[in-house]
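This report refers to the structure that appears directly beneath it.
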Amino acid sequence: MFRITIALKSICDLSPALLHKYGIKGLLLDLDNTLTTHDNPRPADGVPEWIETMKQNDIKLCIVSNNHPPRVKPFADMLGLPFVSEGKKPLSKGFREAKGRMGLEWNELAVVGDQIFTDVLGANMKRLKCVFVFPIEHETTRFFRFKRKMEIPFLPKKLTEPVEE
Ligand SMILES: [Mg+2]
Numbered sequence: 029m030f031r032i033t034i035a036l037k038s039i040c041d042l043s044p045a046l047l048h049k050y051g052i053k054g055l056l057l058d059l060d061n062t063l064t065t066h067d068n069p070r071p072a073d074g075v076p077e078w079i080e081t082m083k084q085n086d087i088k089l090c091i092v093s094n095n096h097p098p099r100v101k102p103f104a105d106m107l108g109l110p111f112v113s114e115g116k117k118p119l120s121k122g123f124r125e126a127k128g129r130m131g132l133e134w135n136e137l138a139v140v141g142d143q144i145f146t147d148v149l150g151a152n153m154k155r156l157k158c159v160f161v162f163p164i165e166h167e168t169t170r171f172f173r174f175k176r177k178m179e180i181p182f183l184p185k186k187l188t189e190p191v192e193e
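Heads up, the sequence shown is in the numbering used here, so the first residue is 29 and it goes up one at a time.
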């Protein structure tokens, strides 16, 4: 069974207080369907403000995406975030590279993402904390529809309660 530390509807629900409760000081951020929809060059509503809040609270951020540099670099640059592209999740290559840049210990990091078999599995294989966020919108390709169907038994049954600031 998959282990999920925190389950939320949206990344914007991830508060500094919640991160503090779990001892999380840095986030390994998925891009597609976590920070915005697939192929969308602009962040989803609320995401720039959320990133600002994280920065103000000394939470270190690094995008770790399996997507290619032409997709990831302009997006990361626009938000002023470091990034690893072609991260090969669920393998730990991208996480290791990001950790090296962030200067944090493994137990201070959490993987954030919307896919059970890449983000959550990757976090579990490396025994990392894991924040699952539901995908911003469901994909329409046949391959993705299959993957989403396979995820259903493993999706969190309830969301993590917010904590007081
Ligand atoms: Mg994703």
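Just so it is clear, CB atoms sit at the ideal spot from N, CA and C, and this is done for glycine as well.
Between the CA atoms of residue j and residue i - distance to the nearest angstrom
i	j	result
K53	R70	26 Å
T81	P44	8 Å
I32	S93	19 Å
L59	V100	8 Å
T146	V140	11 Å
G115	G51	24 Å
H48	W78	16 Å
I164	A72	8 Å
G150	K127	14 Å
K186	A35	7 Å
R194	N61	No information on residue 194 is available, as it lies outside the stretch 29 to 193 that the chain covers here.
F162	L183	9 Å
R129	K83	16 Å
N152	K117	11 Å
C40	G74	6 Å
N95	F172	15 Å
F160	P97	24 Å
Per DSSP, cross-strand counterpart(s) of residue i
i	result
T26	Examination of residue 26 is not possible in this model, given that the chain is present from 29 through 193 alone.
A138	L55, K157
F111	I91
L183	According to DSSP, which records beta bridges pairwise, L183 is partnered with nothing at all.
A151	The partner list for A151 (beta bridge, DSSP) is empty, contrary to what the question assumes.
L36	V161
Whole-Å CB distance - residue i paired with residue j, under 8 Å assumed
i	j	result
V191	L42	No, V191 and L42 are not in contact; Cβ-Cβ is about 11 Å, not under 8 Å.
V112	E125	5 Å
L119	L137	Contact doesn't hold; Cβ gap of about 16 Å is too wide.
I22	E179	Coverage of the chain is limited to positions 29 through 193, which leaves residue 22 absent and any answer about it impossible.
Ligand 1: which residues have Cβ under 6 Å from any of its heavy atoms, chain order? D58, D60, N61, T62, G141, D142, Q143
Any contact of the segment 107-116 with the segment 84-91, i.e. 3+ C-beta pairs under 8 Å? Look at the beta carbons and you see the segment 107-116 touching the segment 84-91: at least three pairs across the two are nearer than 8 Å.
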